[in-house]
Amino acid sequence: MENPVVNDYAVRMLNITKTFGTTVANKNVSLDIKKGEILSLLGENGSGKTTLMNMLSGIYFPDSGSILVDGKSAHIRSPKDAHDLKIGMIHQHFKLVDVFTAAENAKLGMRASLKSARAEIKKICERYHFSVDPDKKVYEMSVSEKQTLEIVKALYRGADVLILDEPTAVLTPQETDALFDVMREMKKDGKSIVIITHKLNEVLAISDRVAILRKGEFVGEIETEKADVQTLSDMMVGRSVSLNIDRPEVKDKSVRLVVKNLSVKDNLGVLRLDDVAFTAYSGEILGIAGITGSGQKELLEAIAGLIPTASGSSMIYIDPRTGKEEDLKKYDAEQIRALGISLAFVPEDRLGMGLVGSMNIPDNMLLRSYKEGKFGLVDQKKPLDLAKKVVSELDVVAPNLNTPVRKLSGGNVQKVLVGRELASSPSLMMAAYAVRGLDINTSYAIYRLLNERKLNGGAVIYVGEDLDVLLELCDRILVLCGGRVSGIVDGRTAKKEQVGLMMTGSQCESAETEAAN
Amino acid sequence: MEIIITLIKAAITFGTVIMYGSVGEILTEKSGNLNLGVPGTMYMGGIASLASAFFYERACESSGVAPSTALLILIPFLSAFLFAAFGGLIYSFLTITLRANQNVTGLTLTIFGAGLANFFGGSLNKLAGGVGQISVSQTSRAFSASLFSFLPLPDILMRTLFNYGFLVYLAIVVAVAAHFFLNKTNAGLNLRAVGENPATADAAGVNVTRHKYLATCIGTGISGLGGLFYTLDYIGGTWANDGRIETLGWLAVALVIFATWKPLRSLWSSYLFGLLYWVPQLSQNIKRRPQSLFMMLPYVVTILVLIFVSLRKKKENQPPESLGLAYFREER
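Chains as they are written, first to last, in the numbering used here: chain A, 1 to 517; chain B, 518 to 849.
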């Protein structure tokens, strides 16, 4: 028998406001989460999505407003309260203890024996087709394993409302699909799921409803059926945005970098790059596609002089200022920078490379120019100007310039990094995962900047995850598979399926078997 | 032969002081608090035990009642533990609630504890009638009475292993109990999580502040027992202003690293450090300068362990990940 006054809402947030110092993170936001639905929470970087959800998970407490859980007024003052209300959140930065096993992480803070936790985890894994080894230590896990563990953990702790903060940012397309299958299963079990993501195609694929935040305020919601990429991005940004990525044609191309026989071994002697060869031209964006860990990182680091290459490798750079051919193997990382080659690598944890979390924006700019000052003194002026320029051009949301970078939201941290690298107008710009976790508007700003570099005679090497973007943005695409080049295709004519096959399919396998022989 | 017996006795005696210090500190550090105030808390434990024993014995004397053995032990024991834990409470308030720098706070606690203890040590001496006059002989006898004198064992075993006061054996029990607590219980798991990754522990519903306070106060209390043992058992219930407690306290801090934050490993390595500590004092013939060199031994060994552990890069041998960092939930 249906109860006529049955409550359809798992959670209702009413008129929530939260401020940090002078920054208003959420202003008068009301949001409903229905039972058994998948709700997408959409918004640009720094629009307050994570803050809002953190008030459900007990990390923050709202300044004003009220929260109803299952129709009853709730005061969520700590994560424990959230847990008692059966609200679970999977944070963007995993909340796992590295030296603990999966089972120990799951039962943390609960009165349960390790044995029962193990058994329970096995049960959950069977139910949702996960594979998690309860006795594996977290530090031995890959990113996607950690993600799976986070979900298992939330289920084990009995979450009825599950919040996922950018769960797909670090997953491969295959892993994303698997995650979505799990989410649909959970929905069938009557659980409510909130997913925060920037990827609009994912929003359309998985959710029932979309709620949109802009600059901390709730701007509207829409049934997913009635939405498309254009309407969503317009709502998010607050004006009509163009969703076409430019690919300007450049006439006078010249050879900038010739790579031949490039091989790289890691610490353990495993071949990470095997006999890679390609040429990069000025006035061109060379895209690099491949499943994560196929050697993209090693390739860029080898060119930047950060890791040693195997003997026989050759990397000839033609310096546009002198026209001379320089063998990059002869130089160290600093000299290679001076030659006009720059690398912006956005790692999975974003802060891992290139920025110092506890320093402010100008000081992080200074990291690239501190040697330029006179008499051993640093020049403070230029980095400050550059910081102001990056902040205004890329719309970095920061309370002020003196805020330590680690306190900025993930997307904004990234803008600072990419902005700084582009500012030196490198003649060879290498960018990896530059839009990882960035909202659509900022992503396009970055594509625009890469195109500008190309038009100004720079050579650009762009490592990306999103095949659609690679195909729209890049002039040529080099496909890596297991450390080998499985082909170079023209970005204007190549098909997505074709590139996908080169990344994973038969061409890739043959490359791998060759490597094994 | 005699030399070996002396060495074993020294290893166990000083090892016990170091063991209390290091097991307490391991417990504290497992909560993410790097307390460099171990020597200070040991001083505090030492002086509290001596002062309480002194006044108890004097009260008994003046009222003409014979002191009871149970109270002779219980009063100094509790005083030492609680006063040292009070040092830990000061440290906790500063570093956890006010989020002050842990290194500075810890060093201050060492200076504070040493100064306080030596000041009151001097006062007690004066009360007792002059420098070196203080003596709590009855308490000291109660503490150093052999626990196993009834065992029918050969003389040599008795002299080397079974002729100590109960605190020597209690230290072993505490170390084993700490191991069991950290590795086998839910509370131990929660505590380790707090030290590794407080944000994760917090998100899992573990009360980070409470765990940090409790681990630090209980840990410093245990460290304080090292001072109690030294004062009432080893030097026989008097006050010696010779800085030895401080040296042993620093050895205990170094030992935490040597033992890679594992109580069971600190059990045997405490005796090793006790031995290394005593070697330079062994022969009066060794000249002063080489003696100083010998005194470096425990630290040299610790550095070697650090190098070895760093080279092996085994995650389990690393310090708790958030050791030395304050935690604030709303900080991003």
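Yeah, the Cβ is synthetic: ideal placement off N, Cα and C, and Gly gets one too.
The structure presented is a predicted model; accordingly, all values stated were derived computationally and were not measured.
Looking at the backbone, the Cα of residue 285/A and that of residue 622/B are separated by about 55 Å. For residue 95/A, the C-beta contacts it makes with chain B under 8 Å involve 714, 716, 717, 720, 721, in order along the chain.
Contact between the region 236–246 of chain A and the region 50–70 of chain A is absent: fewer than 3 CB-CB pairs across the two stretches fall below 8 Å. Within the same chain, 114, 117, 118, 121, 134, 135 come within 7 Å of residue 103/A by CB-CB distance, once the 5 residues on both sides are set aside. Residue 26/A sits in a strand when the DSSP states are folded into three classes.
According to the DSSP assignment, residue 202/A belongs to the alpha helix (DSSP H) that extends over 200–206.
Annotation: Cβ neighbours of residue 99/A in chain B (cutoff 7 Å, chain order): 713, 832, 833. In chain order, 97, 98, 99 make up the part of chain A whose C-beta sits under 9 Å from the C-beta of residue 838/B.
Per the Cβ contact rule, the region 271–281 of chain A is in contact with the region 475–488 of chain A (3 or more Cβ pairs under 8 Å). Contiguous alpha helix (DSSP H) elements confined to the region 151–192 of chain A occur at 173–188, taking only those with 4 or more residues.
Restricting attention to 534/B, 836/B, 521/B, the CA atom closest to the CA of residue 683/B is found in 534/B. In the structure shown, residue 423/A adopts helical secondary structure according to DSSP, grouped into three states. Rounded to the nearest angstrom, the gap between the Cα atoms of residue 756/B and residue 785/B is 28 Å. Considering only 443/A, 387/A, 12/A, the residue with the shortest C-alpha distance to residue 423/A is 387/A. DSSP places residue 59/A in no alpha helix (DSSP H); its state is neither H nor E. By the C-beta density criterion, residue 717/B is buried, having at least 16 other C-beta atoms within 10 angstroms.
Counting the other CB atoms within 10 Å of its CB gives residue 307/A a total of 16 or more, which places it among the buried residues.
In the three-state reduction of the DSSP assignment, residue 641/B falls in the helix class, which pools H, G and I. Burial check for residue 837/B: the Cβ neighbour count within 10 Å reaches 16 or more, so the residue is buried. For residue 13/A, DSSP records a beta bridge to 31/A, 67/A. Residue 599/B holds the alpha-carbon nearest to the alpha-carbon of residue 562/B among 585/B, 549/B, 599/B, 544/B. In this structure, DSSP gives residue 786/B a helical state, which the three-state scheme calls helix. At least 8 Å separates the beta-carbon of residue 832/B from that of residue 266/A.
For residue 546/B, there are no neighbours in chain A by C-beta distance under 9 Å, as the nearest C-beta there is about 14 Å away. Think of a sphere of 8 Å around the beta carbon of residue 710/B: the chain A residues whose beta carbon falls inside it are 97, 100, 108, 109, in chain order.
Taking the CA atoms as reference points, residue 317/A sits about 15 Å from residue 261/A.
Residue-level contact by beta carbon holds for residue 846/B and chain A, with a gap shorter than 8 Å. Within chain A, 107, 110, 111, 112 have C-beta atoms less than 8 Å from the C-beta of residue 703/B, given in sequence order. Only residues of its own chain outside the window of five on either side were considered, and among them 531 have a CB closer than 6 Å to the CB of residue 794/B, listed in chain order. Collapsing the DSSP output to three states places residue 19/A in a strand.
Separation of the CB atoms of residue 549/B and residue 729/B is rounded to 7 Å, and the pair is thereby assigned contact status at 8 Å. Within a 10 Å sphere around the beta-carbon of residue 694/B sit fewer than 16 other beta-carbons, which makes this residue exposed. Annotated three-state conformation of residue 476/A is strand, per DSSP.
Annotated three-state conformation of residue 368/A is coil, per DSSP.
In this structure the region 665–672 of chain B does not touch the region 771–781 of chain B; the number of beta carbon pairs closer than 8 Å is below three. Under DSSP, residue 220/A shares a beta bridge with 212/A.
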